[in-house]
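Undergrad:
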Amino acid sequence: MSAFVDTAIAAVKAASVPILARYHGDFEVELKADQTPVTVADREAEEAIRAVLGQAFPDHGIYGEEFGKDQPDADYLWLVDPIDGTKSFVRGTGMFSTQVALKHGETLIAGVSNAPAMDELAWAERGEGAWLNGERLAVSSTDSIEAAHLSVGNLVTMARSPQWANLGRIVSRVNRFRGYGDFYHYHRLAAGQLDAVIESDVNILDIAALSVLVEEAGGVFTDLDGGPVGLETTSVLAANPVLHALLLDALREAP
466 MSAFVDTAIA AVKAASVPIL ARYHGDFEVE LKADQTPVTV ADREAEEAIR AVLGQAFPDH
526 GIYGEEFGKD QPDADYLWLV DPIDGTKSFV RGTGMFSTQV ALKHGETLIA GVSNAPAMDE
586 LAWAERGEGA WLNGERLAVS STDSIEAAHL SVGNLVTMAR SPQWANLGRI VSRVNRFRGY
646 GDFYHYHRLA AGQLDAVIES DVNILDIAAL SVLVEEAGGV FTDLDGGPVG LETTSVLAAN
706 PVLHALLLDA LREAP
């Protein structure tokens, strides 16, 4: 484990203190300009993360969900979502996590995903594999759509697109269909307990750390067109390599 990952883990653990202190508590929920919710816990958690990262790496940039970008042109850029799944946090379901990833140049090189209410801490680093609560992760070997367990999330945009009909055909073929959403289906995918994830209406802060986790577990993580993950990515197709290729072809089929 490098100093990058060690620091990121320290940061998400620091964030869990205000998150769990506020969880199931009495707090106000505000709506941001994009109509997504934000709470004092989101802000306190990001402040805790920024304090840890800033002390360890003062020359690095930070791009956070609540407080924007500091030193965005730095060679190293931390991507921070203090509570990925604020709607779940607000409703007390536990399906939320803290996401911290590190980008060097154009490459995401490390990611940490911590779900404090569900006691799941996952991390990954390029060339070092992916880990969940100390156990090494590996994606499944499922090699057909008919045998696949698929999870989907945030499909509002996809429902308005030509790909919606193709998704319907995929769903009619799979062995098992779920809608876990947020961090949870990516942890399960990296652990080989789920075979594929399809998602739209995401942003890079939602998925940066999780993309490193899935790829280091042996999976493929792209947008729905098969493009690489970048700062402008808004959709996801993630699976093991064989199944990813099959699903990408299925999503591209003409009506």
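Taking the numbering used here, the leading residue of the sequence shown gets 466, the next gets one more, and so forth.
Ideal Cβ placement from N, Cα and C applies to all residues, glycine included.
(1) Quick one: Cα of A607 to Cα of R717, how far?
(2) Have a look at G684, L689, I635, P706 and flag the residue whose alpha-carbon is nearest the alpha-carbon of T622.
(3) By a C-beta neighbour count over all protein chains shown, 10 Å radius and 16 as the cutoff for buried, is S609 buried or exposed?
(4) Does the separation of the CB atoms of V517 and A476 fall below 7 Å?
(5) Could you compute how far the alpha carbon of Q564 sits from the alpha carbon of R638?
(6) Taking only three categories from DSSP, how would you classify H652?
(7) For the beta strand (DSSP E) containing H709, name the first residue and the last one.
(8) Taking A710 as the reference, which of S700, V701, V685 has the closest Cα?
(9) Would you identify the three-state DSSP class for K727, choosing helix, strand or coil?
(10) Assuming L659 contacts S616 under a Cβ cut-off of 8 Å, what Cβ separation, rounded to an integer in Å, is found between them?
(11) Please classify H525 as buried or exposed, where buried requires at least 16 neighbouring CB atoms within 10 angstroms.
(12) Below 7 Å between beta carbons: does that hold for D507 and P547?
(13) With a 10 Å radius around its C-beta and 16 neighbouring C-beta atoms as the bar for buried, classify P693 as buried or exposed.
(14) Identify every residue that forms a DSSP beta bridge with T563.
(15) In this structure, how does DSSP classify S609 when only helix, strand and coil are distinguished?
(16) Considering only their Cβ atoms, is the gap separating G594 from E681 smaller than 7 Å?
(17) Keeping to the same chain, check which residues put their C-beta closer than 7 Å to that of L602; ignore five residues upstream and five downstream.
(18) Kindly indicate which three-state DSSP category E495 falls into: helix, strand or coil?
(19) How long is the line joining the alpha carbons of T699 and D666, rounded to whole angstroms?
TA: Walking through what the data contain:
(1) Taking the sequence shown and counting its residues from 1, the one referred to as residue 607 is at position 142. Taking the sequence shown and counting its residues from 1, the one referred to as residue 717 is at position 252. Correcting the residue identity first, residue 607 is Thr in this sequence and not Ala. About 21 Å.
(2) As a position in the sequence shown, residue 622 is number 157, starting the count at 1. If we check each option's Cα against that of T622, L689 comes out closest.
(3) Numbered from its first residue, the sequence shown carries residue 609 at position 144. Within a 10 Å sphere around the beta-carbon of S609 sit fewer than 16 other beta-carbons, which makes this residue exposed.
(4) As a first step, residue 517 is located in the sequence shown; it is residue number 52 there, counting from the start. As a first step, residue 476 is located in the sequence shown; it is residue number 11 there, counting from the start. Yes, these two residues count as a Cβ contact at 7 Å.
(5) For this step, residue 564 is matched to residue 99 along the sequence shown. For this step, residue 638 is matched to residue 173 along the sequence shown. Each residue's alpha carbon lies about 32 Å from the other.
(6) Along the sequence shown, read from residue 1 onward, the residue named residue 652 stands at position 187. Annotated three-state conformation of H652 is helix, per DSSP.
(7) For this step, residue 709 is matched to residue 244 along the sequence shown. That residue, H709, is in no beta strand (DSSP E); its alpha helix (DSSP H) goes 706–717.
(8) On the sequence shown, position 245 is the one that residue 710 refers to. Ranking S700, V701, V685 by Cα distance to A710 puts V685 first.
(9) This structure does not reach residue 727, given that the chain is present from 466 up to 720, and the question cannot be answered.
(10) On the sequence shown, position 194 is the one that residue 659 refers to. On the sequence shown, position 151 is the one that residue 616 refers to. Beta-carbon to beta-carbon, L659 and S616 are separated by about 6 Å, close enough to satisfy the 8 Å threshold.
(11) Counting from 1 along the sequence shown, the entry for residue 525 is found at position 60. Residue burial annotation: H525 is buried, with at least 16 other C-beta atoms found within 10 angstroms of its C-beta.
(12) Locating residue 507 in the sequence shown gives position 42, where the first residue counts as 1. Locating residue 547 in the sequence shown gives position 82, where the first residue counts as 1. Yes, Cβ-Cβ distance for D507 and P547 is below 7 Å.
(13) As a position in the sequence shown, residue 693 is number 228, starting the count at 1. By the neighbour-count definition (other C-beta atoms within 10 Å, threshold 16), P693 is an exposed residue.
(14) As a working note, residue 563 is residue 98 in the sequence shown. According to DSSP, which records beta bridges pairwise, T563 is partnered with N579.
(15) Locating residue 609 in the sequence shown gives position 144, counting from the first residue. Here S609 sits in coil by DSSP.
(16) On the sequence shown, residue 681 is found 216 positions in, with the first residue counted as 1. On the sequence shown, residue 594 is found 129 positions in, with the first residue counted as 1. G594 sits close to E681, with the two beta carbons spaced by under 7 Å.
(17) Here residue 602 is taken as the residue at index 137 of the sequence shown, counted from 1. Taken in chain order, the residues that qualify are A595, W596, A655, A656, A682.
(18) Your numbering for residue 495 matches position 30 in the sequence shown. Note: E495 maps to strand in three-state DSSP.
(19) Taking the sequence shown and counting its residues from 1, the one referred to as residue 699 is at position 234. Taking the sequence shown and counting its residues from 1, the one referred to as residue 666 is at position 201. Roughly 6 Å between the two C-alpha positions.
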